[in-house]
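First up is the structure itself, then whatever we jot down about it.
Protein chains: 2
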Amino acid sequence: MISVTVQIDREAAEPLRTQIASAYAGAIRDGRLSTGTVLPSVRALSGRLGVSPVTVAAAYRDLCATGLATALPRSGVRVTGVPVTPASERRGFELNRIEPDLRRHPVAECARLIGEVAQDPAAGGYAEYRGERALREAIAAFDRTLGIDVDPASSLLITSGAQQALSLLGRVWPVGTVVAVEDPCYPGARLAFAGAGATLVPLAVGEDGPDAEALKVLAEPGRVAAFYCCPTHANPTGRSWSEAARRRVLAAAQQGGAWLIEDDYLGDLEAPGQALPRLAALTGEYPGARVVRVRTFSKTLLPALRLAGVSAEPALIARLLALKVADDLGCSALLQRALAAFLSEGGYQRHLERVRPGYVAVRQCLSDAVARLAPAITFAGPFGGFCLLGRLAPGIDTTRFLGECARLGVQLTPGADYWADGLTGSDCFRMGFGALTPDEVATVVGLLERAVVQAVTPAAARSLL
Amino acid sequence: MISVTVQIDREAAEPLRTQIASAYAGAIRDGRLSTGTVLPSVRALSGRLGVSPVTVAAAYRDLCATGLATALPRSGVRVTGVPVTPASERRGFELNRIEPDLRRHPVAECARLIGEVAQDPAAGGYAEYRGERALREAIAAFDRTLGIDVDPASSLLITSGAQQALSLLGRVWPVGTVVAVEDPCYPGARLAFAGAGATLVPLAVGEDGPDAEALKVLAEPGRVAAFYCCPTHANPTGRSWSEAARRRVLAAAQQGGAWLIEDDYLGDLEAPGQALPRLAALTGEYPGARVVRVRTFSKTLLPALRLAGVSAEPALIARLLALKVADDLGCSALLQRALAAFLSEGGYQRHLERVRPGYVAVRQCLSDAVARLAPAITFAGPFGGFCLLGRLAPGIDTTRFLGECARLGVQLTPGADYWADGLTGSDCFRMGFGALTPDEVATVVGLLERAVVQAVTPAAARSLL
Chain A
372 MISVTVQIDR
382 EAAEPLRTQI
392 ASAYAGAIRD
402 GRLSTGTVLP
412 SVRALSGRLG
422 VSPVTVAAAY
432 RDLCATGLAT
442 ALPRSGVRVT
452 GVPVTPASER
462 RGFELNRIEP
472 DLRRHPVAEC
482 ARLIGEVAQD
492 PAAGGYAEYR
502 GERALREAIA
512 AFDRTLGIDV
522 DPASSLLITS
532 GAQQALSLLG
542 RVWPVGTVVA
552 VEDPCYPGAR
562 LAFAGAGATL
572 VPLAVGEDGP
582 DAEALKVLAE
592 PGRVAAFYCC
602 PTHANPTGRS
612 WSEAARRRVL
622 AAAQQGGAWL
632 IEDDYLGDLE
642 APGQALPRLA
652 ALTGEYPGAR
662 VVRVRTFSKT
672 LLPALRLAGV
682 SAEPALIARL
692 LALKVADDLG
702 CSALLQRALA
712 AFLSEGGYQR
722 HLERVRPGYV
732 AVRQCLSDAV
742 ARLAPAITFA
752 GPFGGFCLLG
762 RLAPGIDTTR
772 FLGECARLGV
782 QLTPGADYWA
792 DGLTGSDCFR
802 MGFGALTPDE
812 VATVVGLLER
822 AVVQAVTPAA
832 ARSLL
Chain B
372 MISVTVQIDR
382 EAAEPLRTQI
392 ASAYAGAIRD
402 GRLSTGTVLP
412 SVRALSGRLG
422 VSPVTVAAAY
432 RDLCATGLAT
442 ALPRSGVRVT
452 GVPVTPASER
462 RGFELNRIEP
472 DLRRHPVAEC
482 ARLIGEVAQD
492 PAAGGYAEYR
502 GERALREAIA
512 AFDRTLGIDV
522 DPASSLLITS
532 GAQQALSLLG
542 RVWPVGTVVA
552 VEDPCYPGAR
562 LAFAGAGATL
572 VPLAVGEDGP
582 DAEALKVLAE
592 PGRVAAFYCC
602 PTHANPTGRS
612 WSEAARRRVL
622 AAAQQGGAWL
632 IEDDYLGDLE
642 APGQALPRLA
652 ALTGEYPGAR
662 VVRVRTFSKT
672 LLPALRLAGV
682 SAEPALIARL
692 LALKVADDLG
702 CSALLQRALA
712 AFLSEGGYQR
722 HLERVRPGYV
732 AVRQCLSDAV
742 ARLAPAITFA
752 GPFGGFCLLG
762 RLAPGIDTTR
772 FLGECARLGV
782 QLTPGADYWA
792 DGLTGSDCFR
802 MGFGALTPDE
812 VATVVGLLER
822 AVVQAVTPAA
832 ARSLL
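Residue numbers (the working numbering), protein chains in the order written: chain A, 372 to 836; chain B, 372 to 836.
Now the structure itself:
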């Protein structure tokens with residue numbers, strides 16, 4: 372076995388566990404440790420480095436979570452090797468998707484948990500329709516840390532991603548029911564509600580939540596049955612509403628009686644100190660205001676789990692459950708049990724803590740890098756979540772710009788897709804950046820710059836470039 | 372390491388691989404080999420027994436598929452131990468479910484494959500909405516062995532179980548469309564079509580498929596848009612239509628223009644020599660007849676995969692795909708890639724060959740054992756698939772009988788649930804037996820006998836008992 376030199380710096384801001392994990396990650400990435408190598412036992416390494424076995428074990432867990440190594444029951448930690456398709460070798464940048472950076476998310480660790488739960492053959496069977504009890508309890512426990520009280524027995528349903536929760540919600544109300552959606556809006560939500568026969572009313576959302584006119588509509592008794600919104604890192608802007616804006620919306624809904632459908636698809640990635648209270652956490656202060664909360668693990672953990680949760684009062688959950696049973700007889704027991712174990716063993720919390728700094732760094736790096744695209748492209752800050760909206764200066768043709776980007780290997784989404792009228796935002800594009808590393812940010816911004824040059828009209832070129 | 376004596380009998384009907392696998396399975400089950408023990412290497416055991424390494428490797432695969440052992444990359448095959456919740460320790464018999472015997476299905480092997488595909492971080496991301504290409508190709512290749520030609524690019528959609536396929540199909544036609552369903556019928560199908568707003572027409576199905584009146588309805592041009600049926604091992608009877616009956620239905624549909632929705636949820640468990648041709652395989656002989664085929668891995672492999680496939684002409688698949696995207700953005704990439712690997716490496720074929728004899732044995736055993744319940748309870752043969760319908764003699768109260776069974780730990784389903792009028796079959800019950808072993812069959816039949824004694828009226832008792 373090759374020995375890896377781990378430089379321990381007890382004065383560094385970086386925790387010891389991270390120092391140890393990084394040393395091994397580096398050795399694996401640059402080939403000093405080859406695939407199949409078994410790492411020293413926790414006991415041996417802790418003795419050699421003079422740190423506690425708990426710290427070494429935590430470092431190994433972090434290492435395994437990167438996918439570079441795998442912990443095997445009773446046979447130690449083994450080098451898996453560098454993931455086979457690093458993004459740098461991908462053909463392009465699929466920034467038309469909102470996806471986490473899978474290279475930093477624990478797919479191998481989740482797969483290992485699936486292997487463990489599969490030791491019980493019952494894990495291969497059908498799950499309880501409303502979701503495995505252990506998973507519902509683990510989610511409720513997590514949500515209590517956010518100040519959200521959910522009864523896992525009656526008020527929570529596990530769905531196949533947030534999209535299924537929206538699709539089921541669309542069908543809860545009779546055909547023709549008036550459902551308000553934020554504008555701009557995640558198109559999948561419009562699709563779910565309109566597809567179920569709702570009459571959609573777009574409510575304009577500005578820099579800090581719904582505008583005055585939108586609030587008036589919400590406050591009008593009986594005007595809309597429900598309002599779909601995403602107060603934290605909305606799609607497409609990445610912006611979050613202030614707490615004051617959240618309270619304004621709750622007060623309006625309390626008055627008008629609309630259900631608030633809160634899509635909290637990214638909130639877990641916010642550091643606890645910085646996270647704003649969810650609508651579902653404030654609802655107690657607005658008696659009569661009703662919130663349906665949709666939370667998912669697709670962006671914060673892994674899309675392939677296809678696991679999300681919808682929580683609301685029991686009567687609504689019961690109706691969603693009936694629709695869910697007719698739709699697909701419940702989610703995978705294997706995946707649910709693995710996620711339940713990950714949550715209850717603290718793996719999810721650790722994962723979030725581990726990935727948060729990286730996402731903050733990418734956002735900062737992006738914010739700095741795109742500044743040089745002005746005035747041809749401007750971006751409204753603050754950058755948050757996994758996506759942002761860019762606006763092209765007059766004289767740059769959006770279709771041509773998007774086409775040039777695609778030709779250069781950067782897939783973006785036309786901004787008009789997000790507005791109900793299909794016209795507003797036609798000088799904009801949405802860029803998903805969750806899967807980018809800082810290095811890749813620089814590459815992408817360079818490519819956008821090249822695309823601008825191709826898409827600008829000669830007249831505009833004089834003022835812009 | 373404890374050595375296991377394997378008696379090789381080259382004259383026996385049982386293949387050598389099965390003899391070897393059985394010897395180890397026996398040693399694990401009765402505790403001679405304890406959890407964690409590493410089995411001899413393929414090379415060592417093949418030398419010791421004088422059989423080819425290929426045979427030993429196959430035996431080890433079979434053993435791993437039972438869940439009693441696990442193959443770990445580069446560290447051999449290790450005893451996992453007896454599954455932690457054998458049915459004998461379960462609180463009861465959930466015969467109200469149609470579920471395979473999970474103790475004989477390869478949940479651990481599938482979990483291992485998930486671990487392997489997870490080495491590529493992209494497996495944690497979103498899958499192609501219509502299903503992973505590798506899985507579609509593997510299913511198409513399998514279906515070609517059944518004489519069914521499916522273009523994996525345009526004519527196949529992966530769904531979350533057969534139920535999702537039915538739910539999507541329900542929504543393909545406008546609200547109010549007339550959809551025929553077989554009668555008796557799987558209630559989940561009625562739920563899917565009625566829930567989507569179809570007007571249901573029950574078509575009576577007898578011992579050999581739809582009756583003459585039903586065929587007349589099917590043959591009437593434009594009378595029904597689609598006919599949901601399950602020609603192979605229908606639920607609740609377990610019966611299959613003859614080839615002649617299949618052809619009668621195809622001819623009627625050809626004349627009337629109805630789509631045939633063929634639910635083939637169990638067909639793969641039929642031995643190739645005994646399987647009747649699917650409607651989808653015969654359709655070429657009936658120009659204009661259109662078949663939508665729904666196939667699933669829930670019963671034949673593992674419910675927890677939540678993976679099924681629906682195949683039809685491209686235009687219909689395109690409509691189903693649009694609904695599927697709005698519903699849940701596709702199935703889990705992790706599960707799909709693992710299943711694709713299982714199929715393309717031949718694991719699924721081997722699994723089917725391995726479990727078929729056991730299911731045949733249970734059916735035979737059940738057929739013998741229930742004979743002693745007559746005349747109080749009669750069962751119409753031939754026993755097939757995973758369920759059967761029992762009829763109670765006059766003088767036995769169905770509700771009381773089902774209640775007594777439940778009290779004794781045997782869950783059954785009321786027969787009336789399967790008929791459209793909710794009345795026919797009220798003297799019947801459905802029994803799912805896929806998860807029973809021969810030992811358990813004897814126990815269950817004994818419990819049914821005890822329930823009859825409690826549920827019989829005094830007058831009837833004189834003639835029945």
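In this text, a Cβ means the ideal position worked out from N, Cα and C, and glycines have one as well.
(request) Would you identify the three-state DSSP class for B:P728, choosing helix, strand or coil? (result) DSSP places B:P728 within a helical segment (H, G or I) once states are collapsed to three.
(message) Can you confirm whether A:L637, when its beta carbon is compared against all beta carbons of chain B, has any partner nearer than 9 Å?
(response) Taking 9 Å as the CB threshold, A:L637 stays off the interface with chain B.
(message) My assumption, with CB atoms under 8 Å, is that B:A629 sits in contact with B:A596. Please give the rounded CB distance.
(response) Yes, they are in contact, since the Cβ atoms of B:A629 and B:A596 sit about 6 Å apart, within 8 Å.
(request) Using alpha carbons as the reference points, say which of B:Y730, B:T671, B:L589, B:D522 lies closest to B:Y719. (result) When only C-alpha atoms are compared, the closest one is B:T671.
(request) Rank A:S405, A:R610, A:G421 by C-alpha distance to the C-alpha of A:R381 and give the top, closest one. (result) Looking only at A:S405, A:R610, A:G421, the smallest Cα-Cα distance to A:R381 is reached by A:G421.
(request) Spatial neighbours of B:V455 within its chain, please: CB distance less than 8 Å, with the 5 preceding and 5 following residues excluded, ordered by chain position. (result) Here the model assigns B:V455 a pLDDT of 44, short of 50, so the residue's position is not dependable and the matter cannot be decided.
(message) Using a Cβ-Cβ cutoff of less than 7 Å, which residues in the same chain neighbour A:W790 once the five nearest sequence positions on both sides are dropped?
(response) Closer than 7 Å at the Cβ level, and outside the excluded window around A:W790, lie D554, P555, G796.
(message) On the DSSP letters alone, give me the boundaries of the beta strand (DSSP E) that A:P330 sits inside.
(response) Summary: the structure shown does not reach residue 330 of chain A, with chain A confined to residues 372 through 836, and so no result is reported for it.
(request) Please go through the same chain and pick out, in chain order, the residues whose beta-carbon is closer than 8 Å to the beta-carbon of B:T828, but skip the five residues on each side of it. (result) Around B:T828: G766, I767, D768.
(request) Quick one: list the residues of chain A neighbouring B:T667, beta-carbon separation under 7 Å, in chain order. (result) Those within 7 Å of B:T667 in chain A number zero; the least Cβ separation is about 10 Å.
(message) Check this for me: beta carbons of B:F464 and B:E811, under 9 Å apart or not?
(response) Their beta carbons are under 9 Å apart, which means B:F464 touches B:E811 by this criterion.
(request) Can you check DSSP and say which residues form a bridge with B:L763? (result) Per the DSSP secondary-structure output, B:L763 pairs in a beta bridge with B:I748.
(request) Determine, using beta carbons only, whether A:H915 comes closer than 9 Å to chain B. (result) Any property of residue 915 of chain A remains undetermined from this structure, which presents chain A solely from 372 to 836.
(request) Report yes if the CB atom of A:C758 is closer than 9 Å to the CB atom of A:F804, and no otherwise. (result) The Cβ atoms of A:C758 and A:F804 lie closer than 9 Å to each other.
(request) Leaving out five residues on either side along the sequence, give the residues of the same chain with a beta carbon under 6 Å from the beta carbon of A:A675. (result) Cβ neighbours of A:A675 within its own chain (closer than 6 Å, five residues either side excluded): none.
(request) Name the two residues that bound the continuous alpha helix (DSSP H) containing B:E584. (result) Taken as a continuous stretch (DSSP letters only), the alpha helix (DSSP H) holding B:E584 covers 583 to 590.
(message) If the cut-off is 9 Å on Cβ atoms, which residues from the region 494 to 515 of chain A count as contacting chain B, listed in chain order?
(response) Here the close residues are A494, G495, G496, Y497, A498.
(request) Flag B:Q490 as yes if its beta-carbon sits less than 9 Å from any beta-carbon of chain E, otherwise no. (result) Absent from the structure: chain E. Protein chains present are A and B.
(request) With 9 Å as the threshold, decide whether the Cβ of B:I485 is near any Cβ in chain A. (result) At least one C-beta of chain A is nearer than 9 Å to the C-beta of B:I485.
(request) May I have the straight-line CA-CA distance separating B:A575 from B:Y636, to the nearest angstrom? (result) B:A575 and B:Y636: Cα-Cα distance of roughly 20 Å.
(message) At the level of alpha carbons, what is the spacing between A:L794 and A:R617?
(response) If you take the alpha carbons of A:L794 and A:R617, they lie about 28 Å apart.
(message) Please give the ranges of any beta strand (DSSP E) in the region 532 to 568 of chain A, keeping only runs that are unbroken, at least 3 residues long and fully inside the region.
(response) Runs of beta strand (DSSP E) with 3 or more residues, each lying fully within the region 532 to 568 of chain A, are found at 549 to 554, listed in chain order.
(request) Check whether the Cβ atoms of B:S682 and B:A533 lie closer than 9 Å to each other. (result) No; because the gap between Cβ atoms is not below 9 Å, this pair is not in contact.
(message) Considering just the uninterrupted stretch of the alpha helix (DSSP H) at B:R610, what are its terminal residues?
(response) Taken as a continuous stretch (DSSP letters only), B:R610 belongs to no alpha helix (DSSP H), as it is neither H nor E.
(message) For B:L621 and B:A590, what's the separation of their Cα atoms in angstroms?
(response) Taking C-alpha positions only, B:L621 is separated from B:A590 by approximately 9 Å.
(message) Check this for me: beta carbons of B:T530 and B:L539, under 9 Å apart or not?
(response) Yes, Cβ-Cβ distance for B:T530 and B:L539 is below 9 Å.
(message) Given this structure, state the Cα-to-Cα distance separating B:P457 from A:E480, to the nearest angstrom.
(response) Reliability fails at B:P457, whose pLDDT of 42 lies under 50, so the model's placement of it is uncertain and the value that follows must be treated cautiously. Taking the CA atoms as reference points, B:P457 sits about 27 Å from A:E480.
(request) Please classify B:S423: is it buried, with 16 or more other beta-carbons within 10 angstroms of its beta-carbon, or exposed? (result) Around the beta-carbon of B:S423, fewer than 16 other beta-carbon atoms lie within 10 Å, marking it exposed.
(request) Would you mind stating whether A:Q490 and A:K695 have Cβ atoms separated by less than 9 Å? (result) Taking 9 Å as the Cβ cut-off, A:Q490 and A:K695 do not qualify as a contacting pair.
(request) Give, in chain order, every residue of the region 644 to 676 of chain B whose Cβ lies closer than 9 Å to some Cβ of chain A. (result) So the list reads S669, L672, L673, P674, A675, L676, given in the order they occur along the chain.
(message) When you compare the region 685 to 705 of chain A with the region 518 to 528 of chain A, are there three or more beta-carbon pairs, one atom per stretch, that lie closer than 8 Å?
(response) Flag = yes, the region 685 to 705 of chain A and the region 518 to 528 of chain A touch.
(request) Find out if the Cβ-Cβ distance for the pair B:V662, B:I632 is shorter than 9 Å. (result) Inclusion of B:V662 and B:I632 in the CB contact set at 9 Å is warranted, their separation being smaller than that value.
(request) Check each residue of the region 779 to 811 of chain B: if its Cβ is closer than 7 Å to any Cβ of chain A, include it; give the result in chain order. (result) Correct list: empty, as no residue qualifies.
(request) Spell out the partners DSSP gives B:L528 in its beta bridges. (result) DSSP output for B:L528 lists B:V681 as bridge partner(s).
(request) State the CB to CB distance for the pair B:A853 and B:S715, rounded to an integer number of angstroms; the pair is presumed to be in contact (CB under 8 Å). (result) What the structure shows of chain B is the stretch from 372 to 836, and residue 853 of chain B is not part of that stretch, so it cannot be assessed.
(message) Cβ closer than 8 Å: which chain B residues qualify as neighbours of A:T570?
(response) From the beta-carbon of A:T570, no residue of chain B is found nearer than 8 Å; the closest lies around 16 Å away.
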